[in-house]
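Quick notes on the structure that follows.
In the working numbering, the protein residues as written are 25 to 179.
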C-alpha cells in the first residue's frame, strides 16, 4: 500500500476508536445518571406505563444495579384480590419490617418476589417504593384480573 492510503486508513481507525470511546462514555454516564435517580418505569403488558419512586435502601440500590444491566420482566399472578406477585429471577437484600401497604406500593417479599399492591395489607416485608399518581381503580384496570407481565426499567 502506498503512504496516502495507509495514512487515510490510520486516520479512519483513530476516528472510529474516538467515536466508540465517546459512545461508551455517554452510555456509562447515562447509566450513572439512571442509577442516581430514584425513579423506575413499569410497563404493563397490554400498554399501560407507570413510573414509581423508590425508597432509599440496600434493596432498591441492588435493584437499580441489576436494571442498569437491562430490563427485568416479571411474570405476575394475582394473589388474594389485593396484589400481583412474581419472581424477579434474582435475590435482593432484605430490609423487612412491619409494613402496611396501600394501592401502588411496591414490595419485595422473601428477597426475590416483586409485589404490586392495589389494596391494603399488613405484613413483615421490604418496601421498595410507590407507583406515582395512580389510583386503585387505575391499577386494577391496568393489571387486569389474571396473570400479567410487568417490565421494570430505569427511568
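All C-beta atoms in this analysis are idealised placements derived from N, C-alpha and C, irrespective of residue type, glycine included.
Verify whether the separation of the beta carbon atoms of residue i and residue j is less than 8 Å.
i           : j           : result
residue 152 : residue 132 : yes
residue 171 : residue 106 : no
residue 108 : residue 140 : yes
residue 76  : residue 156 : yes
residue 179 : residue 27  : no
residue 61  : residue 150 : no
residue 98  : residue 116 : no
The alpha helix (DSSP H) spanning residue i covers which residue range?
i          : result
residue 88 : 82 to 92
What span of residues does the beta strand (DSSP E) with residue i cover, start to end?
i           : result
residue 99  : 96 to 103
residue 140 : 137 to 141
residue 78  : 73 to 78
residue 123 : 121 to 125
residue 171 : Premise fails: residue 171 is in no beta strand (DSSP E) and is neither H nor E.
residue 67  : 63 to 68
So, with DSSP's three-state summary, where would you put residue i?
i           : result
residue 163 : helix
residue 151 : strand
residue 27  : helix
residue 179 : coil
residue 107 : strand
residue 51  : Residue placement at residue 51 is poorly supported in this model, since its pLDDT is 46, which falls under 50; the coordinates are not used for a value here.
residue 133 : strand
What do you get for residue i, buried or exposed, if any count of 16 or more other CB atoms within 10 angstroms of its CB means buried?
i           : result
residue 129 : buried
residue 166 : buried
residue 110 : buried
residue 158 : buried
residue 88  : buried
### Message
Whether or not the stretch 122 to 136 and the stretch 89 to 99 are in contact is what I'm after, with contact meaning three or more pairs of Cβ atoms, one per stretch, closer than 8 Å; do they touch?
### Response
Contact between the stretch 89 to 99 and the stretch 122 to 136 is absent, because fewer than three Cβ pairs lie under 8 Å.
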